[in-house]
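Have a look at the structure below, then the notes.
Number of protein chains: 2
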Amino acid sequence: MSTKEKITASALTLFAKRGFDATSLKDITTLADVNVAAIHYHFGNKDDLIRAVLESVAQPINTLRTQALEKLSGEGTLTLERVVDALVAPPIMYSLQTTGDSRLLIRLLMQARALPHATTNAAIFEQYDAMALLFVESFMKVTPGLARAEAFWRYSFTIGAMMYIISDGDKNYHRLNRLSAGLCDTDDPQIIIKQLVAFVVAGFSAPNIPTPAPLKEETHDSKNN
Amino acid sequence: MSTKEKITASALTLFAKRGFDATSLKDITTLADVNVAAIHYHFGNKDDLIRAVLESVAQPINTLRTQALEKLSGEGTLTLERVVDALVAPPIMYSLQTTGDSRLLIRLLMQARALPHATTNAAIFEQYDAMALLFVESFMKVTPGLARAEAFWRYSFTIGAMMYIISDGDKNYHRLNRLSAGLCDTDDPQIIIKQLVAFVVAGFSAPNIPTPAPLKEETHDSKNN
DNA sequence: GTCTATAACACGATAGAC
DNA sequence: GTCTATCGTGTTATAGAC
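First to last, the protein sequences are chains H and E. Everything in the first sequence is counted per the working numbering, starting at 27 for the first residue and increasing by one. Everything in the second sequence is counted per the working numbering, starting at 27 for the first residue and increasing by one.
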């Protein structure tokens, strides 16, 4: 493993665990067992390192999602349930697969969302925008009568629910599991996926919200799918 | 406005805007126009200030939610749609009511979720656990046949979707609005509430996920409430 | 490409005068 | 209850030897 790779790996772990701001370059080089100056040599400064880490980690998941979608599309087996699964299963599996504490990517993304910053925004928008649009289009294809605005809203609701439930199972958190007295196993990716997919599929199947059509007489033909 | 109040207000703004770690005590005292030592005099240290800010801001919203629920309960007008509304409307209204950039509370909570820390966890658990259980019970009351586990899962999905959509409308973000080419107005609390409530009500109405019942013969008397 | 040494500064916290 | 001054430490970043 090259010095550069060691730095990226250690930075990912620490950024996700403690946050960008609470992680010093010294923390990273200590964990990576490299010299402090190596970061500046390979990445320039801390901001560029953050950008590099985000880009390295965002891509693999999106590839999995896009591939899953393309496979369904190629087979002609697109259904609402399968599109939802293609969207939420990869990040859930990825986040909970490895031994123990690897909710790294999702925590990076939640951080970036909670504290919007030019550095992280640019990296995220670039990685996720195209995929988001692809899935919105797919949702419209598989949900008869779904309005375009609704497809966007519900796509966002889905991502929010997914990120939130993944972050819940963190070692230091486990709130849902505790609140439900063990009824909800937030460490089992299969159960999470099943529960989330059922919820989201039903949500997407809800009727559109009638738009107020401001000032104009309302037409009543958009009530049901 | 007392010195202590000035500190709390400024700290809330800066913590939400930049994060706990990226906000220095000097930043806070500068904005509050008080002396640096005043923080240590009134709060002790930075961790205690964070705790105080979280507590001050979490309570009002939960009071609104609990009151809305109690009112419905007292009137005997509990329905699924109204319970969902009681849960999501107060934080959405609160976050988007003031002029411009006041998504403060939700950003604090997302931060705390993305970066679990003993300090913030304690404050949040204390403020939110009782309310969460109250709403879970209510969801079971108004949704015929809803299993207890499902009520917990779907409560979490709802909170996740809500927090995510609120955080989207941030001045520096506005991703959904941009992606949808203006189709989704993430600054209009009424539309957000309508869209979210419709999605969540449908999600809660989904059938329960059958449990595998590991190794033991399954008894069939727990199917319905 | 890797290291040591260090510059230049920001941080939280406290002591002690008023 | 409010201020100044300062301690001790940690921070990013760079210069320069190897």
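Quick reminder that beta carbons are idealized off the backbone N, C-alpha and C, glycines included. In this text, all values refer to a predicted model and were calculated from it rather than measured experimentally.
Any chain H beta carbon closer than 8 Å to E:Ser50 = no
key: Continuous alpha helix (DSSP H) stretch holding H:Thr105: start and end   = In the DSSP assignment, H:Thr105 falls outside any alpha helix (DSSP H) and carries neither an H nor an E.
ask   = Going by C-alpha distance, which of E:Gln221, E:Leu95, E:Asp211, E:Ala158 is nearest E:Lys197?
value = E:Asp211
task = Identify each residue in the region 78-97 of chain E for which the Cβ-Cβ distance to at least one residue of chain H is less than 7 Å, and report them in chain order.
result = Taking 7 Å as the Cβ-Cβ cut-off against chain H, none of the residues of the region 78-97 of chain E qualify.
inquiry  = So for H:Gly232, helix, strand or coil by DSSP?
reply    = Rather than Gly, the amino acid found at residue 232 of chain H in this sequence is Ala. Looking at H:Ala232 - three-state DSSP - the assignment turns out to be coil, as it is neither helix nor strand.
message = For a contact defined as C-beta to C-beta under 9 Å, what are the partners of E:Tyr199 on chain H?
response = Arg139, Pro142, Asn147
key: Spatial distance of E:Ser182 from E:Ala37 (CA atoms)   = 28 Å
message = My assumption, with CB atoms under 8 Å, is that E:Phe195 sits in contact with E:Arg133. Please give the rounded CB distance.
response = Correcting the residue identity first, residue 195 of chain E is Gly in this sequence and not Phe. Contact flag wrong, Cβ pair sits at about 11 Å.
key: Closer than 8 Å to chain H by CB, E:Ala37   = no
query = If you count every other CB in all the chains shown that lies within 10 Å of the CB of H:Asp214, and 16 or more means buried, which is it?
reply = In the assembly as shown, H:Asp214 is an exposed residue. Its beta-carbon has fewer than 16 other beta-carbons within 10 Å.
request  = With E:Pro86 as the anchor, note down where its alpha helix (DSSP H) starts and where it stops.
outcome  = 72-101
ask   = Is H:Lys52 closer than 8 Å to H:Val60 when the C-beta atoms are compared?
value = Not in contact: H:Val60 and H:Lys52 (Cβ atoms no closer than 8 Å).
task = Establish whether the CB of H:Phe165 and some CB of chain E are separated by less than 8 Å.
result = no
ask   = Any chance the region 185-194 of chain E sits against the region 113-124 of chain E, with 3 or more Cβ pairs inside 8 Å?
value = yes
Own chain partners of E:Glu107 with C-beta closer than 8 Å, once the 5 adjacent residues on each side are dropped = Val223, Val227
message = Under 8 Å, with one C-beta from each stretch per pair, do the region 140-158 of chain H and the region 88-100 of chain H reach the 3-pair mark?
response = Flag = yes, the region 140-158 of chain H and the region 88-100 of chain H touch.
Terminal residues of the alpha helix (DSSP H) in which E:Met157 lies = 144-168
request  = Starting from the beta carbon of E:Asp47, find every residue of chain H whose beta carbon is closer than 7 Å, and list them in chain order.
outcome  = Gly45, Asp47, Ala48
request  = Determine the extent of the alpha helix (DSSP H) in which E:Leu183 is found, giving its start and end residues.
outcome  = Leu is not the amino acid found at residue 183 of chain E; the sequence shown has Phe there. Its alpha helix (DSSP H) spans residues 174-194.
inquiry  = I want to see whether chain H comes within less than 8 Å of E:Ala156, judged by CB atoms only; does it?
reply    = no
ask   = With a cut-off of 8 Å, does the C-beta of E:Phe161 fall near any C-beta of chain H?
value = Chain H, which has no Cβ nearer than 8 Å to the Cβ of E:Phe161, makes this no.
request  = Taking C-beta pairs closer than 9 Å, name the residues in chain E that H:Leu222 reaches, listed in chain order.
outcome  = Trp179, Phe183
inquiry  = Quick check on this structure: which residue in H:Pro117, H:Lys30, H:His143, H:Arg204 has the alpha carbon closest to the alpha carbon of E:Trp179?
reply    = Of the listed residues, the one whose Cα sits closest to E:Trp179 is H:Arg204.
message = I'd like to know if E:Ile118 contacts chain H, where contact means its C-beta is closer than 8 Å to some C-beta of that chain.
response = no
key: Beta-carbon contacts of H:Ala35 that lie in its chain and below 6 Å, excluding the five residues immediately before and after   = So the list is empty, once near-sequence residues are dropped.
inquiry  = Using C-beta distances below 6 Å, list every residue in its chain close to H:Ala149, excluding the 5 sequence neighbours before and after it, in chain order.
reply    = Arg77, Leu80, Glu81
task = Quick one: grab the DSSP three-state call for H:Ser128.
result = Coil at H:Ser128, not helix or strand.
request  = Kindly say whether H:Val168, judged by its beta-carbon, lies nearer than 8 Å to any beta-carbon of chain E.
outcome  = By this cut-off, H:Val168 is not an interface position.
inquiry  = So H:Ile191 contacts chain E; which residues on that side make the cut at Cβ distance below 9 Å?
reply    = Contact annotation for H:Ile191 against chain E: Trp179, Ser182, Phe183, Gly186 [CB-CB distance below 9 Å, chain order].
inquiry  = Relative to the C-alpha of H:Pro233, which candidate in H:Lys220, H:Gly186, H:Arg174 has its C-alpha closest?
reply    = H:Arg174
query = For E:Met27 and chain H, any beta-carbon pair shorter than 8 Å?
reply = no
request  = With DSSP collapsed to three states, give me the class of H:Val60.
outcome  = coil
Endpoints, alpha helix (DSSP H) assigned at H:Ala42 = Note, H:Ala42: alpha helix (DSSP H), 29-44.
request  = Express the C-alpha separation of E:Thr39 and H:Ala115 in angstroms, rounding to a whole number.
outcome  = 36 Å
key: Chain-ordered chain H contacts of E:Ile235 [CB-CB under 7 Å]   = Lys220, Gln221, Ala224
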